[in-house]
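> Residue numbers (mature numbering (1 follows the signal peptide of the UniProt record, and there is no 0)): -18 to -1, 1 to 716. The beta carbon of each residue, even a glycine, is placed where N, CA and C say it ideally should be. Before we start, here is the structure in question, set down as structure tokens.
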């Protein structure tokens, strides 16, 4: 069936090709083509000029062989809207075309040549509009020069369609624009002539049109021959395809037989598998039934055992109850017998008790009489010997004086040692060396004593302007210590995690001073003891030989305004003690206050501040330096030393640090440090201990989300999560 279908298809194709060749057959020798005249009929053309152009077109038509088997003509007016005077094929003779041209009227309006060209492409030269396929298409455009709309794009579309463009200008056109619009070469297809001399170029234009038509005709004949050869080649290909279809049919039949056998085999296997499945199902059902039967037997056995156990328990309980009753009867009988015996022997028992009491009284009296005689003789001997009395009185007096002196001397010595060597309770951390610390860690203390002053900004990343200002403060502090001058008090304020505490430590180490850190939040819980503790801090600070940098973190916790009602009397007294001890500059200690809300400071505290430094959030360059610093400290250095279980995958570390610095906008230095520690923890938590780029990116995204959540919390509390300078304390603002 497939072979018969292929053979019928090939035979039909052969007949169609033969019929097509017969239809094409030998063509007529007369030139063929579709000739469109495009006349400028707008208001820019005078009636006289339009009449001369109309006569010229009629003269040209009379010179051309027009007819159904030759040239066909059409006329379109250019105006505000294109207008077709007559389409292709409406007139079958040259005389009819001349009569139609002679009666054509001027349309007036704007010169929209581009619109007319697009209209000609869609309505006249398209095959759906009646244009003949395979014949030359010629456009003769007679114009006075300018156009109100662009001509280039629609003219190029006509050229792409295969239209040859002749342009006749009456002398006012732009040479460059018309040369670009005409077919190439422009010297053949572009004519500039006066309106009264149009008849001069009629013969030349006729020859050009007919020559182009003949060339197109010969080209079409050559294309026809080529097409016939291609059709013959295709016919042979179709015959070969028929043979291939026959072979394919044989192959398909063999494939169908193979598929049939395969399907039969598959069906047989499916039946066998289904039967095996049924057998397995029956076996499983039998096993389930057997299991249910076993469970039922086991349940019955358990019930029987439970009944036997209940009977045994009841028997034991009954036995114990009877035994308890017998025991109670025995005890009752024994008690009754004992009471009866005591009643019968009451006289004997009373006599025994009386004899024991008399004997015990006699023994006590003899002991008292003997002790009194001994003490009396001793006291009489002591009183009669005056030397013993004098020595005893002197010894007791010296003992009382020694106990009282030792008690008070110990208290005084303890307070002195505490002031000189001990650390006050308010001080959380200090670099000052104590005797106990020297005994515990002698090596570390020796290194600290022999170490040289460090750079004040080592490990501290700040903006260039802030870094210059902070460095000036560090140099001034160091020179102040060298010259034994008075220290200045400093306020560092800004968002948390921006390096305020680290700067205070570095400043102390750079200037060769000791540092002590206390927290403002530790003052309020001390209550009445706050004043004493505050005085102890300053007494201890004044005993430092190297000078002490006292850093008060979160200072606004107890240095707030005294005028508010929220401050307690104890805290007010502590604040007054602080103000009393800081009323004048000291050459023993330097005061550095740190706060996130300096506007809460009391005015007297503001008056004691000599320098204020704002630590803002790091910008792009500072963040990149921080990321590189902590990446080297927590990741790169442990990975290269090889002492820890930490490895680093291969990627561009510098580029990754720059990307992270761009993503962590708004984060503080502490948050970036925590991010680096999180990378290290991720590497330790992995199976192979390798930190990859994807792991770093994941932790960065988590850190960004956490930072955004913190900012939302701050916004909800009315805080200011921006890196702008917070308002100065009220006194400084005034």
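Taking just the CA atoms, how far does residue 558 sit from residue 574?
For the purposes of this step, residue 574 is taken as residue 592 along the chain shown, with counting starting at 1. For the purposes of this step, residue 558 is taken as residue 576 along the chain shown, with counting starting at 1. So the two alpha carbons sit approximately 18 angstroms from each other.
> Please report the straight-line C-alpha distance between residue 508 and residue 576, rounded to a whole angstrom.
Here residue 508 is taken as the residue at index 526 of the chain shown, counted from 1. Here residue 576 is taken as the residue at index 594 of the chain shown, counted from 1. Residue 508 and residue 576: Cα-Cα distance of roughly 21 angstroms.
> Tell me the residue span of the alpha helix (DSSP H) that contains residue 358.
Residue 358 sits at position 376 when you count from the first residue of the chain shown. Segment 328 to 366, the alpha helix (DSSP H) holding residue 358.
> Measure the Cβ-Cβ separation of residue 150 and residue 180 and say whether it is below 9 angstroms.
Against the chain shown, residue 150 aligns to sequence position 168. Against the chain shown, residue 180 aligns to sequence position 198. It is a contact, given that the beta carbons lie within the stated cut-off.
> Take the Cβ of residue 14 as the centre, count every other Cβ of all protein chains shown within 10 Å, and call the residue buried at 16 or more, exposed below.
The sequence position of residue 14 within the chain shown is 32, counting from 1. By the neighbour-count rule (16 or more Cβ atoms within 10 Å), residue 14 is buried.
> I'd like the span of the alpha helix (DSSP H) that includes residue 483, first residue to last.
Counted from its first residue, the chain shown places residue 483 at position 501. That run of the alpha helix (DSSP H) goes 482 to 493.
> Would you tell me roughly how many angstroms separate the C-alpha atoms of residue 310 and residue 291, rounded to the nearest one?
Sequence index remark: in the chain shown, residue 310 carries index 328 (1-based). Sequence index remark: in the chain shown, residue 291 carries index 309 (1-based). The straight-line gap from Cα to Cα measures roughly 28 angstroms.
> Assuming residue 673 contacts residue 631 (C-beta within less than 8 angstroms), just tell me the rounded distance between them.
As a working mapping, residue 673 is identified with position 691 in the chain shown. As a working mapping, residue 631 is identified with position 649 in the chain shown. Indeed they touch by this definition, with Cβ atoms about 6 angstroms apart.
> Within 10 angstroms of its Cβ, does residue 136 collect 16 or more other Cβ (buried), or is it exposed?
Sequence index remark: in the chain shown, residue 136 carries index 154 (1-based). Label assigned to residue 136: buried.
> Let me check one thing: in DSSP terms, what residues is residue 125 bridge-paired to?
Along the chain shown, read from residue 1 onward, the residue named residue 125 stands at position 143. Note: residue 125 sits in a beta bridge opposite 151.
> Roughly how far, in whole angstroms, is the beta-carbon of residue 477 from the beta-carbon of residue 599, given that I think they are within contact range, below 8 angstroms?
One-based indexing of the chain shown puts residue 477 at position 495. One-based indexing of the chain shown puts residue 599 at position 617. About 6 angstroms; that satisfies the 8 angstroms criterion.
> Counting beta carbon pairs with one atom in the stretch 493 to 508 and one in the stretch 666 to 684, are three or more of them shorter than 8 angstroms?
No contact exists between the stretch 666 to 684 and the stretch 493 to 508.
> Alpha carbon to alpha carbon, what distance is there between residue 297 and residue 316?
Position 334 of the chain shown, counted from the start, is the residue given in the question as residue 316. Position 315 of the chain shown, counted from the start, is the residue given in the question as residue 297. The alpha-carbon atoms of residue 316 and residue 297 are separated by roughly 29 angstroms.
> Among residues of its own chain, excluding the 5 on either side of residue 24, which ones have a beta-carbon nearer than 7 angstroms to its beta-carbon?
In the chain shown, residue 24 corresponds to position 42, counting from 1. So the qualifying residues of the chain are 60, 61, 90, 91, 92, 93.
> Determine the closest residue to residue 610 out of 560, 644, 239, with distance taken between C-alpha atoms.
Start at 1 with the first residue of the chain shown, and residue 610 comes out as number 628. Residue 644 is the option with its Cα nearest to residue 610.
> Please say whether residue 161 and residue 141 have beta carbons closer to each other than 9 angstroms?
For the purposes of this step, residue 141 is taken as residue 159 along the chain shown, with counting starting at 1. For the purposes of this step, residue 161 is taken as residue 179 along the chain shown, with counting starting at 1. Result no, Cβ atoms of residue 141 and residue 161 do not sit closer than 9 angstroms.
> Is residue 571 near residue 541, with beta carbons less than 9 angstroms apart?
For this step, residue 571 is matched to residue 589 along the chain shown. For this step, residue 541 is matched to residue 559 along the chain shown. No.
> Taking the CB atoms as reference points, tell me whether residue 68 and residue 56 lie closer together than 9 angstroms.
Translated into the one-based positions of the chain shown, residue 68 becomes position 86. Translated into the one-based positions of the chain shown, residue 56 becomes position 74. Yes; because the gap between Cβ atoms is below 9 angstroms, this pair is in contact.
> Could you tell me whether any Cβ in chain B is nearer than 9 angstroms to the Cβ of residue 108?
Of the chains in the structure shown, none is chain B; there is only one protein chain.
> How is residue 560 classed by DSSP in three states: helix, strand or coil?
As a working mapping, residue 560 is identified with position 578 in the chain shown. Reduced to three states, the DSSP call for residue 560 is helix.
> How is residue 589 classed by DSSP in three states: helix, strand or coil?
In the chain shown, the residue the question calls residue 589 occupies position 607. Of the three classes helix, strand and coil, the one that applies to residue 589 here is helix, per DSSP.
> Note down, in chain order, each residue of its chain lying with its Cβ closer than 6 angstroms to the Cβ of residue -14, except the 5 sequence neighbours on either side.
On the chain shown, residue -14 is found 5 positions in, with the first residue counted as 1. For residue -14, the predicted model reports a pLDDT of 48, less than 50, meaning its position is unreliable and no value from the coordinates is stated.
> Determine the closest residue to residue 158 out of 176, 133, 143, 182, with distance taken between C-alpha atoms.
Within the chain shown, the letter at position 176 stands for residue 158. It is 133.
> If you count every other CB in all the chains shown that lies within 10 Å of the CB of residue 446, and 16 or more means buried, which is it?
Residue 446 sits at position 464 when you count from the first residue of the chain shown. Residue 446 is exposed by the Cβ-count criterion.
> Taking only three categories from DSSP, how would you classify residue 120?
Working through the chain shown from its first residue, we reach residue 120 at position 138. Note: residue 120 maps to strand in three-state DSSP.
> Do the stretch 29 to 43 and the stretch 119 to 126 touch if we need at least three Cβ pairs shorter than 8 angstroms?
Taking 8 angstroms as the limit for Cβ pairs, the verdict is that the stretch 119 to 126 does touch the stretch 29 to 43.
> Quick check on DSSP: helix, strand or coil for residue 63?
Translated into positions along the chain shown, residue 63 becomes position 81. Coil at residue 63, not helix or strand.
> Note down, in chain order, each residue of its chain lying with its Cβ closer than 7 angstroms to the Cβ of residue 586, except the 5 sequence neighbours on either side.
For the purposes of this step, residue 586 is identified with residue 604 of the chain shown, where counting begins at 1. Taken in chain order, the residues that qualify are 561.
> First and last residue of the beta strand (DSSP E) that includes residue 670?
Position 688 of the chain shown, counting from 1, holds the residue named residue 670. Neither: residue 670 is in no beta strand (DSSP E) and is coded neither H nor E.
> I'd like the list of long-range same chain contacts for residue 694, defined as Cβ closer than 7 angstroms, with 5 residues on each side in sequence excluded.
The count along the chain shown starts at 1 and reaches residue 694 at position 712. So no residue of the chain qualifies.
> Going by CA-CA distance only, name the one from 650, 583, 72 that's closest to residue 482.
Numbered from its first residue, the chain shown carries residue 482 at position 500. It is 650 whose Cα lies nearest to the Cα of residue 482.
> What number of angstroms, rounded off, separates the C-alpha of residue 451 from the C-alpha of residue 510?
In the chain shown, the residue the question calls residue 451 occupies position 469. In the chain shown, the residue the question calls residue 510 occupies position 528. Cα-Cα distance, rounded: 40 angstroms.
> In whole angstroms, what is the alpha-carbon distance linking residue 104 and residue 178?
On the chain shown, position 122 is the one that residue 104 refers to. On the chain shown, position 196 is the one that residue 178 refers to. Each residue's alpha carbon lies about 33 angstroms from the other.
> Suppose contacts are defined by Cβ-Cβ distances below 9 angstroms. Is residue 79 in contact with residue 48 by that definition?
Translated into positions along the chain shown, residue 79 becomes position 97. Translated into positions along the chain shown, residue 48 becomes position 66. In contact: residue 79 and residue 48 (Cβ atoms closer than 9 angstroms).
> Quick one: what's residue 497 bridged to in DSSP?
Locating residue 497 in the chain shown gives position 515, counting from the first residue. Answer is 531, bridged to residue 497.
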